Amino acid sequence: MFKSLLYKEWIKLRLYWLLLFVVNVAFCGFLCLRLRHVFRVNEAVAVWSNWIFKGYLFYRICEYVPLLLGVVLGCLQFFPETLSKRLRLVLHLPLGESRAASIHLVAGLLMLAAVYLPGLALIAGISAFYFPPDFQSNLLLTYTPWLLGGFAAYLLTAFTVLEPTWRLRVVYLLFSAALLRLFFMEDFYNSYLRVMLSLAICTSLLFVFPLLSTHRFGKGYGS
Amino acid sequence: MKTFARTLLFASGVILLAHYLPAGYWLLSAKMRRPPIVYYSCTEKQFMFFRYTNQTAIRMDAHGKVYEREEFERILPIDHWMQLLRDGKLPDTVGGVALTAEALRRERLSFRIKPTMIDTPSVNLTPLLDADTGRVRLEMPEDFMRLGATIEFIHAQTNVVEREKSALFQRAFAEAGFVFPATVLGGNPSTMKPYDEGYYVADATGATFHLRQLRGKPDIHRVSSLASAEDKPKWEALKPIYFHVQEQDTREVHAIIVDKSNQAWFAVGKNYRLVPIPLQHYDPARMSLVVRGDLINRLISATGEDSVEAVVLNRDYGLVDRYTEPLVPRAATPAGKLARAIFPFTLRFEDVSTGYLGVFTEVGSRIALLVNGGLLVLMLVWLGSRKQLRLSRLPDLLAVAIGGIYGVALVFLLPKAD
Amino acid sequence: MKLLARLVLLVVGLLLLGHYLPQGYWLLVAKRWPHGPVVFYSCITKDFLFLRSTNGAMARMDRNGKTYSRAEFETLLPLDNWAQLARDGRMPKSVEGVELSPGKIRYERMSMRIRPDMLDTPEVPLHPLLESESGRVRLETPGDFMRLGNGIAFLSAATNAIETEKSARFAKAFAAARFAFPSTVIAGNPNILKPYDEGYFLVDAAGATFHLLQVRGEPVLRRISEAVPAAAKAQWESLKPTFVHVQEQECREIRAFLVDQNRRPWLVVGKDYRLVPLPLEHYDPAKASLAVRGDLFNRLITVNSEDHLELLAFNRDYAEVGRYNEDLPTRKASEAGVTARVLFPFSLEFEDDASGFMGFYLKAGSLGTLLVSGACLLGVAGWLAARKRLSWRRLPDLLAVAVGGIYGVLLIFLLPKTE
Amino acid sequence: MFKALVYKEWIKLRLYWTLIVVAHLLFCVYLCLQLRHAFKLHDALAVWSNWVSKGYLFFKPAKNIPLLLGVVLGCLQFFPEILNKKLRLVLHLPLVEDRAVGVHLLAGLFLFTLALLPGLAVLAVCGASYFPWEFLLNFWYIYLPWFLGGYAAYLLTVFTLVEPTWRLRVTCLLLSAALLKLFYIDSFYDGWRRLLPGMVLLTVALVLLPLLSSNRFSKGYGS
């Protein structure tokens, strides 16, 4: 049951997933080339000083990429379901609606992770050639909130898309926007150090919101 | 499950509103608020002020007497010596001290310590300049120093650790009796300065060391061993949390030190004399400390949200005069009072005290409690009248009880319990 | 319709590839490029000295390639290294009778730099007109901005309204000076971190040059040709500047740099606006950047274009005392550059060093590209013929290849086939 | 026929559209409030100088909105059509397929324009009340490229979505990304002036591309 559902989602999304994956990795690769270029045309000391004292991080441009990917995947996965009320069928499977829904979400989150991590690994790996280990810890502390933001974005998208009534969709949209902004308040580096844990916990808690929506969906509100 | 989801939704909703509503409120009702700039007149022996009142600047003394620009400048000759010199109004001497252009220029002194400087993210890599290259201009080294559980130097171009240099310094640290790991490091990694003071380091025991690089060789001393007999115990007792190093033409002040008890100190002169700054209300986490020195006095002012305090020391760091003025904090302005009445609490994630993000809460005034109570009652009545006073409504009621207007907003926005 | 659509697709494709492929190429092969030597004029040897960076290492030499140690070099340039020399006690008391003091040296130092994009750059047509005789040491920003188009008006920032009274006063002054609106050049240095305020140099519709100052709130507008001695009058009237650069210096000697209608560079010197021509042979204001550096004894003019360095040294009354020319290695000539210009038939940029405006800056490749394109064309045509697909409907594709060379080939494989 | 099609599109999109209009309006109002805030906290002179000499523009945050809107609108309008091959039906209507698609595009572009104008009006009025008319000129010169970028984004999205085969979709995607990047080069005051005519022409020409892929779509490639 579990396996088959996962597989169904995979079949549904693999093409898009592949696309997102390639886009993300390609972009990160491009950033790495840019880094190489920066080191070829500038003094290493200058680049380091820029990083340490001015907070110049070559990967800062991809701050919002995880967010974007999360939203896109969320839409791709759940818009079709809602348009043609296919989700109904799934929800009436023997294993109960919230379990069924959770499996969908797990599938999505796994794919998302499989998109993010290679890119991050690439950046971490390449930058190790040019920067001391301090940079990696720095990268982790700065990048993690953006990743969490991406996952949060995915869950909140599902939350909003699955909600049957329009009025609440709007409310959820605002809610999501307000919440997601908190993941992107970084403007130097390591600022999130002290709230990282709570941020992670908040993100994981978001998992239940889509379940609420599916519940209402199953109840057939607003239709 | 779904009640849990709903409760969670309410909780996060309240948190978000508690962050955004007040922010929006202040976006609408914020006004220009600037604390006065404090001067000390070496001729009149009194404090002078430069105050902003609704967008216009006025100059006055402690008694509120307003001065014309020229008058003000005449009373503060040293702060405006260039102008006075140009107009030929600069007195030759003040209190027996001759005012010559180069002396004035050389003896000018200015430091500024903001709370964020003390607690802010930073990479533990920093250039250790060579303090004695024999050149007029300082030059950026090609490597960076990593001072933590050990001391290492990393060459930027090749991105590898420089073994022998690191070892050399490691030995020097050991000889100086430095106990790793280093806890506090303070320096001024810039080449745009008259000379290089190097770094001040506190080791694991809290003892303070002074580190410099002289022609490639390490030069590190336990400061207490350099200090004169009467300062020695002070240095040994000192538990620093922040070193502020900022080289000035007059090489008099080595560093400004803030210690665990929020006391600020000057480290002064050849034998590292340790001078306490006699401020009474200084809180490094909330106030910015400004030091302005000249031929005759040292003026230290600590400015916070709710007070300005200033002390004047003479060239021998003896207390000359002090001044304290309460400021109206934003929370005490009409807008602020209103805010604290309608918002039961406020959440911010950024704060002046630190460069790190965190959760910073401010609770509202007592009136806010009344507001909450009122709203709760109304809510109960409303639900009761519509025969909906059920247990599943508990989250809503809690939200209102705790969140006041936030709660009410949510009850109407979020999905009903069924 | 479909044909048109495909044409659009091809054209857009070519433009984009022409922009991105070269960029990508340079992203991969770019190296730290040895920028031209730093140049000095020694008041001791009476000749130019050079600080050259050759693969990372710094070399100090004269025009004959004789290299000097750092110390020697500094003693030959006492005015540029006085601080170091003074510190080491190597500072000469005097040079040819003029005795040196730090104050004097500092006071006489001057430098200004004109980059090509300064001649052609977007700017908000609002200019703060400083008070040039406020009687203060420090200059102060005025509360209003000057709008100088078909008339003159002053806008107060606080009220966002025109200050009619002040505007009228200035309008009168402009009328009195017979200023023909609209102004074609407005040149000033709106910045209070400078020793004094030179105001604005204006050129009116007729090409006459004016000098505008605000003195204690009152307008002072001089038609320069009338403020100068009779001898220089004609010169000023025929000048018709197209660009003026103002940059105040401690020693108030050089008032402005300007480029006239024939693109010749001039300096405006001293009280009576003396016009000093700069007899440069390789200066094209649109391509080269020009720097004027001055000290106690000399004025050194440096012209740096992509492939050439021209130097000119004046003494203090602007008589030529030295001249030097050198060809610089260009990125174009490096083998990376050569390959690029063979590989890419053209490259398209939207930003350019020579202008602050964006535009289509198209650079053609070398002759070699024609061969490449030709080869591509043959290849594609042959390939099509082999597969019996060579019909007139293929014309756009073939054109694309002919024009775009490798770009075209890439496109054909990326885009949908014509059926 | 024409009317009917436009009306159909309107019915399909009105909900999303209203949502977008409101959201955009709110955002613009927010930006204006921030400007007001700036003028409250600093003296007008400083703000003006910041604009004149440093190129500070209070509407900068709105930069990517047209782009986003273009993409979203394109997806909303054509995703359903693609998913369940509705578009086929339209293409077999009495009027020529190009005309039919053309009508769809017109409807989309029209809605796009209407969606942005109210917000822009707010920005313009607010800006004019704090700054002299030079600012409006500035606003025009800086915003117009972004606006064009929005149109281009819409057209290219449709181009990509309607294209039936996956291989070419990727190509379209790359082309779109490469092209759209050009509309968002930062510039100062009227720096775009000389480039604008070219860009306008380009944008107009892009109208043809969706027709190309719709044509392939009706031919039934890749299915």
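Protein chains in written order, with my numbering: chain D, 1 to 223; chain E, 224 to 641; chain Z, 642 to 1060; chain G, 1061 to 1283.
Here a beta-carbon is modelled for each residue, glycine too, at the ideal position from N, C-alpha and C.
Computed from a predicted model, the values in this text were never measured in an experiment.
query, result
"With Y116 of chain D as the anchor, note down where its beta strand (DSSP E) starts and where it stops.", "Counting along the chain, Y116 of chain D falls outside any beta strand (DSSP E), though it belongs to the alpha helix (DSSP H) covering 97-130."
"Can you check the segment 133-193 of chain D for any alpha helix (DSSP H) of at least 4 residues that lies completely inside it and give the ranges in chain order?", "133-162, 166-181"
"Please look up how many angstroms separate the CB atoms of L148 of chain D and A200 of chain D, rounded, as I've assumed it's under 8 angstroms.", "6 angstroms"
"Going residue by residue through the segment 505-555 of chain E, where are the continuous beta strand (DSSP E) segments of at least 3 residues, counting only ones entirely within it?", "511-516, 520-526, 530-537, 542-549"
"Going by C-alpha to C-alpha distance, which of G:L1266, G:L1272, G:F1277 sits closest to L1169 of chain G?", "G:L1266"
"Closer than 9 angstroms, Cβ to any Cβ of chain G: which residues of the segment 53-82 of chain D, in chain order?", "C75, F79, P80"
"Relative to the C-alpha of D1103 of chain G, which residue among E:R257, E:Y262, E:Q269 is closest?", "E:R257"
"What beta strand (DSSP E) runs, 3 residues minimum, are completely inside the segment 575-607 of chain E?", "583-586"
"Quick one: any contact between the segment 368-386 of chain E and the segment 311-322 of chain E, if contact means 3 or more CB pairs under 8 angstroms?", "no"
"Given this structure, state the Cα-to-Cα distance separating P618 of chain E from A624 of chain E, to the nearest angstrom.", "10 angstroms"
"Return the residues of the segment 724-751 of chain Z that lie within a Cβ-Cβ distance of less than 7 angstroms from chain E, sorted by chain order.", "A724, Q725, R728"
"Identify the residues that DSSP records as bridge partners of R693 of chain Z: which are they?", "Z:A700"
"For the segment 767-782 of chain Z and the segment 1202-1213 of chain G, state whether three or more C-beta atom pairs, one from each stretch, are separated by less than 8 angstroms.", "no"
"Quick check: what's the CA-CA separation for M363 of chain E versus L767 of chain Z?", "41 angstroms"
"By DSSP, does E398 of chain E sit in helix, in strand, or in coil?", "helix"
"In the segment 236-270 of chain E, which residues sit with their C-beta less than 8 angstroms from some C-beta in chain G, listed in chain order?", "L250, L251, A253, K254, M255"
"Hey, would you say V944 of chain Z sits closer than 8 angstroms to Y924 of chain Z, going by beta carbons?", "yes"
"Name the residue from Z:C684, Z:V649, Z:A897 whose alpha carbon lies nearest to the alpha carbon of N956 of chain Z.", "Z:C684"
"Please compile the residues from chain E whose C-beta is within a distance smaller than 7 angstroms of the C-beta of K1100 of chain G.", "A253, K254, M255"
"If you drop the 5 nearest sequence neighbours on each side, which residues of the same chain put their C-beta closer than 7 angstroms to that of L1025 of chain Z?", "L1031, R1035"
"Give the single residue among D:S98, D:P210, D:V208, D:W51 whose Cα lies nearest to the Cα of S345 of chain E.", "D:W51"
"Does P860 of chain Z come out as helix, strand or coil in the three-state DSSP assignment?", "strand"
"Less than 6 angstroms between C-beta atoms, sequence neighbours within five positions excluded: which residues of the same chain meet that for A698 of chain Z?", "none"
"Between the Cα of P860 of chain Z and those of Z:F822, Z:F795, Z:L834, spot the shortest distance and give me the residue it belongs to.", "Z:F795"
"At 7 angstroms on the CB atoms, spell out the chain E contacts of V778 of chain Z, in chain order.", "M305, Q306, R309"
"How would you list, in chain order, the residues of chain D whose beta-carbon sits under 9 angstroms from the beta-carbon of L669 of chain Z?", "L33, R36, H37"
"Between S576 of chain E and P314 of chain E, is the Cβ-Cβ spacing less than 8 angstroms?", "no"
"Give a single yes or no on whether E420 of chain E has its beta carbon closer than 7 angstroms to a heavy atom of the ligand GTP.", "Absence of the ligand GTP from the depicted structure is noted, as is the absence of any ligand whatsoever, leaving it without description."
"Would you mind working out which of E:T226, E:F392, E:F233, E:I341 sits nearest G630 of chain E, comparing C-alpha positions?", "E:F233"
"Assign F938 of chain Z to one of two classes, buried (16 or more other C-beta atoms within 10 Å of its C-beta) or exposed (fewer than that).", "buried"
"For the segment 116-132 of chain D against the segment 163-178 of chain D, do three or more pairs of beta-carbon atoms, one drawn from each stretch, fall closer than 8 angstroms, so that the two count as touching?", "no"
"Can you pull the chain G neighbours of W166 of chain D, defined as C-beta to C-beta under 8 angstroms?", "L1075"
"Counting only runs of 4+ residues fully inside the segment 403-487 of chain E, write out the alpha helix (DSSP H) ranges in chain order.", "446-449, 455-460"
"Consult DSSP for M768 of chain Z and reduce its assignment to one of helix, strand or coil.", "The question names Met, but residue 768 of chain Z in the sequence shown is His. H768 of chain Z falls in the strand class under three-state DSSP."
"So what does DSSP say about A960 of chain Z, is it helix, strand or coil?", "coil"
"Over the uninterrupted beta strand (DSSP E) stretch that includes T276 of chain E, give me the two end residues.", "269-276"
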